[in-house]
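Written below as structure tokens is the structure these notes are about.
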Ligand SMILES: Nc1ncnc2c1ncn2[C@@H]1O[C@H](COP(=O)(O)OP(=O)(O)OP(=O)(O)O)[C@@H](O)[C@H]1O
Ligand SMILES: [Mg+2]
């Protein structure tokens, strides 16, 4: 049977494929509109694979999962949002619901009209065509987790997600601690019954009970540690994923204003959070529970001894609490000193080339010495101070553990207590168990303090406003390349003078636009606004009439190609660096982009060609080569809008000429913004903007500017004094011909 006509050969590719249509319909149901043009078929086969569909819908911001299901599981779906069913002939259907009474699945043809009624299909008929694979599509989980303020409650909510594990661990811990209480009573019975009355049978029985308890305790402890390890792993994973995500989502300006070492060190405090929730927290719960069980028993055995024990414990707690404020202050100092240390370290690793070339290692070392000494100093102080309460508490702790026996024995001898010998020994053994939880409970304040501090440190980073308000929502309009600045004024945070002032211009799609101006005139700022890095400007920036602030940020950036003066290449092969992990790109795309960027020739001369491995910071290629790779990386997606900000200033004249000669070809079919100091690179531009102190002075082609813009003429003459004013063409470097592809 056929649920719908099979796709005719020839119209399988592209958005018309039923699998893509089915996935699209499932996405639309949730109010999402993924662009079918964004779908990349990486599998190489004509039939879109579930994995590619997952990738595509995820990019669009949906929650998606490809999985296998049985008929039975389908029947349990009930009133479901549409589920994509994959069929053996490579097509797909849309399950819109099930009728559990009639035992039929309600399936729609994704090619049909919206108003078409679904067809009921029973198990037998479906099993003939269905591969068993489905695509579950949902709205992304209302991500409380993702947006909420990161604080202690957030962490607790995260941990409560693991309720079942927590409950099991708690039960196991409590049972083990109760089991731990029994042996002292066995000892008490041994002393009272066996030793006093010489009862051998009782001894055997008690020994057997003890062995049984021990075996049980051992197994339980194994299970408990196993579960705690699992829990620790899960909490760790979630915390790390979340924090990294939040960090990636922060505004660029945050990273520009905070040293990398500081951010890194702060985020690293996460380990304290993890340690607490997977170690200390359980100890605390067990301790509290221990006390809850132990204290009544002790009072039952001997209330006077129990009172003495409790009084001693109270004194211990008071000692610890008395030292708390001073310790807290010193801990703060230790952390600040450690952060300074880490900041210096990371900064030096980043800047090592400059440090070595300036030969300022001694200065750097001296600074490090200072910071290390400072940190060590605070650590020693904190250690010394911490030693005080520990020392002061010790005699009291020992008293509960051992000293009580003297008091008990004295009372026993003088007949002031009803306690017998066995009871006294049991009290001693239990008392020893009391001391440790009491001490540790008295440090709860300190634990809580440390935890709050660690969470606060991480929060200082991740609670900054993300730039991605528009990342999940926002328009995804087709960007053709028209750029409009409409009375744009912008100041960097904390800066008095605006970096851009009342800038207005319009360039049609496909323009090659040059921007010139003195250093600090606001050229790069224009480029930053175009990328949506800074969004708090007044006025409007529009792409093809769409307000930039309404466009989905990730979509916008993927539609742009940007090359800066200094570009970061990742560790990996040349090919990986050009493709940069973007889906659906192949080696052919990389080769095409490299040719356009003038990089092909040197890549092919490299020992392993496109598979050559680049070190971190791309130390094994030259600056000019790095720059051309960066241009290729920007070009590989064939962006509608390409921004080159001083992209060729690091190049030697020959490579620059190579890129410049290619500019016309690079710019073909797209809008290109060329920011440069070298005016000779701009003579081919359709329009050139002249900036000065944040203002737009003029916008016109080269020849016109030469006549009417004084500043432009001055700049031109400065750079081309050696030339006769025969005309601009002479100034351009001789184009190096490159064969067309
Ligand atoms: N991240 C930033 N934070 C604060 N102020 C900045 C920042 N970037 C630039 N500025 C300021 O904004 C003004 C314009 O800078 P912009 O980088 O746009 O100049 P530019 O024309 O690109 O200069 P150059 O030719 O030297 O690259 C400058 O006065 C600069 O001090
Ligand atoms: Mg600049």
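In our numbering, the protein residues as written are 27 to 767.
All C-beta atoms, glycine included, are put in the ideal place defined by N, C-alpha and C.
Here the structure is a predicted model, which means the values were calculated and not measured.
With a cutoff of 8 Å, residue 707 does not count as near ligand 2, since its C-beta is closer than that to no heavy atom of the ligand. 58 is the residue among 703, 58 and 564 whose C-alpha sits nearest the C-alpha of residue 502.
Looking at the DSSP output, residue 89 shares a beta bridge with 164. In the displayed model, residue 62 falls within a helix according to three-state DSSP. In terms of Cβ geometry, residue 426 and residue 458 form a close pair [threshold 9 Å].
Each residue's CA atom was taken as its position, placing residue 131 and residue 119 some 11 Å apart. The beta carbon of residue 395 sits no closer than 8 Å to any heavy atom of ligand 2. Spatial neighbours of residue 199 in its own chain (CB-CB distance under 8 Å, excluding positions within 5 residues in sequence) are listed in chain order as 250, 308, 311, 312 and 315. Distance from the CA of residue 186 to the CA of residue 226, rounded to the nearest whole angstrom, comes to 51 Å. Excluding its 5 nearest sequence neighbours in each direction, residue 354 has C-beta neighbours in its own chain below 7 Å: 475, listed in chain order. Excluding five sequence positions before and after residue 562, none of the CB atoms of its chain fall closer than 6 Å to its own CB. In the structure shown, residue 632 falls within a coil segment according to DSSP collapsed to helix, strand and coil.
For residue 513, the uninterrupted beta strand (DSSP E) segment begins and ends at 509–516. In the DSSP assignment, residue 435 falls within the unbroken alpha helix (DSSP H) covering 430–439. One residue list follows from the rule of a beta carbon closer than 7 Å to any heavy atom of ligand 2, given in chain order as 549, 550, 671, 672 and 701. By the criterion of a C-beta distance shorter than 7 Å, residue 638 is surrounded in its chain by 599, 600 and 632, once the five residues flanking it on both sides are discounted. Nearest C-alpha to residue 539 among 675, 451, 454 and 701: 701. Spatial neighbours of residue 341 in its own chain (CB-CB distance under 8 Å, excluding positions within 5 residues in sequence) are listed in chain order as 422. Non-local C-beta neighbours of residue 145 in its own chain, meaning closer than 6 Å and more than five positions away in sequence, comprise 133, ordered along the chain. The alpha-carbon separation between residue 662 and residue 629 amounts to approximately 15 Å. If the five residues before and after residue 464 are omitted, its C-beta is found closer than 6 Å to the C-beta atoms of 339, all from its own chain and listed in chain order. Within the same chain, and ignoring the five residues on either side of residue 399 in sequence, no residue has its Cβ closer than 8 Å to its Cβ. Within the region 559–635, the complete beta strand (DSSP E) segments of 3 residues or longer fall at 564–569 and 586–589, listed in chain order. In the three-state scheme derived from DSSP, where H, G and I count as helix and E and B as strand, residue 484 is classed as helix. In this structure, the alpha-carbon of residue 189 lies about 12 Å from that of residue 197. In this model, residue 284 and residue 559 are separated by some 16 Å (Cα to Cα). DSSP places residue 52 inside the alpha helix (DSSP H), whose first and last residues are 44–55.
Between residue 408 and residue 193, the alpha-carbon positions lie close to 37 Å from each other.
In this structure, residue 604 lies near residue 655, with their beta-carbon atoms less than 9 Å apart. With contacts defined by Cβ atoms closer than 9 Å, residue 673 and residue 567 do not form a contacting pair. When Cβ pairs closer than 8 Å are counted between the two stretches, the region 521–538 is seen to touch the region 710–718, the count reaching three or more.
Going by DSSP, residue 698 is part of no alpha helix (DSSP H) but of the beta strand (DSSP E) stretching over 697–701. Taking C-alpha positions only, residue 76 is separated from residue 161 by approximately 7 Å.
Under the DSSP assignment, residue 744 falls in the alpha helix (DSSP H) whose first and last residues are 736–745. Just measuring C-alpha positions, the residue of 743, 737 and 711 sitting nearest residue 728 is 711.
Residue 448 holds the alpha-carbon nearest to the alpha-carbon of residue 213 among 492, 448, 665 and 623.
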